[in-house]
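In the numbering used here, the protein residues as written are 94 to 459. Idealized CB from N, CA, C, for every residue including glycine. What you are looking at is a predicted structure, and each value in this text was computed from that prediction instead of being measured.
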Amino acid sequence: MYSYFFRQQAYCQKDTLVFNKIFLIVNVIISVAGFCLSADLIDSCIENMKHIHAQLNLDSLKPGKGQRKKVEDNLMKELRCSMQLLRNCLFENEECKMAALKTHLVPVLHSLWPWFLADDSSMQIALHLLCVYTENYPAGCASLCWATGGQSSLPSARSAAGNSLMHYILKLQVVFCLISNLALSHDCKGIIQKSNFLQNFLSLSLPKGSNKNSGNVSTLWLKLLLNISFGEDGQQMVMKINGFLDQIIEMCKYKHKSSQHLALLILHNICFSPANKPKILGNDQAIAVLSACLENNSPAVQRIGAASLWALLHNCQKAKVTLKNPSIRRRIDEAYSLVKKSRSYFYLMPILTSSIIKAFQFMSLQ
């Protein structure tokens, strides 16, 4: 039925009603494994998007601006419907994502990118589609790094010339949800680094005064940097940004718990890289922030602080000397004593309880 619908040349109100019915059906049965594949929905959607792209290019050459605009609007409307349906098909379904990869979803979106730039609603839907496609799917993330002028989906199609879809997305600089997904991919991480996109983090204006509440942009940046910092290559990448450590330390002082937690997790992650340890240990503010976590009322913040200090101590003689500071040692001993007395407080998280106890034991012996 869906393939037949896409073969129709006229896009009228009846067609819209048919599509809406299909859209609702897919929403209901999307969890049924293999439905989208057996119904050829993914292939049909992507083939229709290719057809629309060809029609848009042909119609743009025709005379008559008024008539051309009407045809273009109808085609863009049909394109948005195809992308919305495809997004629902791919939602948390790796098998369908594999089918989309083989059917060259990314090259098709790449070819349509100039049209998306001229239409905000289509761009928004395209980005939502890419967010769903790349979520927990490394192969999909990597496919955005390939030079996609043609229809090749092989790794050999990668390009350093800056013409991949990943490069186009970076130029928007606001699509943090999608970039955060892509940052988990090694290939995408490399492009992010080479593009100097992360330098924009330093231009982020931090709130002044005692009421340090973060804004939405700050939170988006922190989520992106957290994903980058999960791997050692990302941990070293962010530390190469001049001023990054000072900026993160300031954000660790936010009053907003969610943003403070994200900033502390980033600081925690970069403590695990041997190359970063001397820089962190040489920054008095960083050590002060981590040691202050041990006195925090939040068990989660205490765990982050303890785990961070433990990571710094591991195979690092300089850390053992630095953390023998009487003030820091007192905080460690007091926190360790409190944790031993209140182990039942962590009964819902036995694994984390065990790790924080071990961390304090290790630090107390230094």
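{"Query": "Beta-carbon spacing of I334, L291 below 7 Å", "Result": "yes"}
{"Query": "Proximity test, S257 beta-carbon vs the ligand FAD heavy atom, cut-off 6 Å", "Result": "Of the ligands one can find in the structure shown there are none, so the ligand FAD has no counterpart to examine."}
{"Query": "Three-way DSSP call (helix, strand, coil) for G233 in this model", "Result": "helix"}
{"Query": "The stretch 179-196 contacting the stretch 220-235, beta-carbon criterion three pairs below 8 Å", "Result": "yes"}
{"Query": "Alpha helix (DSSP H) segments (min. 4 residues) lying fully within the stretch 348-427", "Result": "350-363, 370-374, 377-386, 392-406, 410-415"}
{"Query": "Contacting residues, own chain, Cβ-Cβ under 6 Å from I359 (five flanking each side not counted)", "Result": "L318, L319, S322, I341"}
{"Query": "Terminal residues of the alpha helix (DSSP H) in which P200 lies", "Result": "198-210"}
{"Query": "C281 in three-state terms, based on DSSP", "Result": "helix"}
{"Query": "Assigned secondary structure, G308 (DSSP; H/G/I helix, E/B strand, else coil)", "Result": "coil"}
{"Query": "Short Cβ contact (7 Å threshold) for V268 with S236", "Result": "no"}
{"Query": "The stretch 206-221 contacting the stretch 190-198, beta-carbon criterion three pairs below 8 Å", "Result": "no"}
{"Query": "Endpoints, the alpha helix (DSSP H) within which A276 is located", "Result": "Counting along the chain, A276 falls outside any alpha helix (DSSP H), and DSSP gives it neither H nor E."}
{"Query": "C189 and I139 closer than 7 Å at C-beta", "Result": "no"}
{"Query": "DSSP three-state assignment for E343, whether helix, strand or coil", "Result": "helix"}
{"Query": "Whole-angstrom distance between F337 and F365, CA atom to CA atom", "Result": "16 Å"}
{"Query": "Three-state secondary structure assigned by DSSP to K195", "Result": "helix"}
{"Query": "Closest residue to L178 among E165, H221, G157, N150 (Cα-Cα distance)", "Result": "H221"}
{"Query": "Proximity below 7 Å, CB of W239 to CB of S257", "Result": "yes"}
{"Query": "I135 - containing alpha helix (DSSP H), residue span", "Result": "134-152"}
{"Query": "Pairwise C-alpha distance: S391 and A368", "Result": "30 Å"}
{"Query": "Run of the alpha helix (DSSP H) containing I460, from where it starts to where it stops", "Result": "One cannot answer for residue 460 here, as it falls past the ends of the chain, which runs 94 to 459."}
{"Query": "Range covered by the alpha helix (DSSP H) that runs through V268", "Result": "First-last for V268: undefined, no H or E at that position."}
{"Query": "Residue interval of the alpha helix (DSSP H) (run including Q329)", "Result": "325-332"}
{"Query": "Distance between M332 and E325 (C-alpha atoms, nearest Å)", "Result": "11 Å"}
{"Query": "From L374, T312, R396, L210, residue whose alpha carbon lies closest to that of A356", "Result": "T312"}
{"Query": "Reference G233, options L275, P371, L406, closest by Cα", "Result": "L275"}
{"Query": "Alpha-carbon spacing of V66 relative to C270, whole angstroms", "Result": "In the structure as shown, the chain starts at 94 and stops at 459, and residue 66 therefore has no counterpart that could be examined."}
{"Query": "Nearest to S384 (by Cα), restricted to the options M176, I397, M169", "Result": "I397"}
{"Query": "Segment limits, alpha helix (DSSP H) that includes K158", "Result": "158-183"}
{"Query": "Closest Cα partner of N389 within the set L431, H279, Q160", "Result": "L431"}
{"Query": "8 Å CB neighbourhood of R422 in its chain, flanking five on each side removed", "Result": "L416"}
{"Query": "Exposure label - Q328; buried when at least 16 CB within 10 Å", "Result": "buried"}
{"Query": "Beta-carbon proximity list for Q217, same chain, < 6 Å, skipping 5 on both sides", "Result": "none"}
{"Query": "Distance CB(S288)-CB(L263) smaller than 7 Å", "Result": "yes"}
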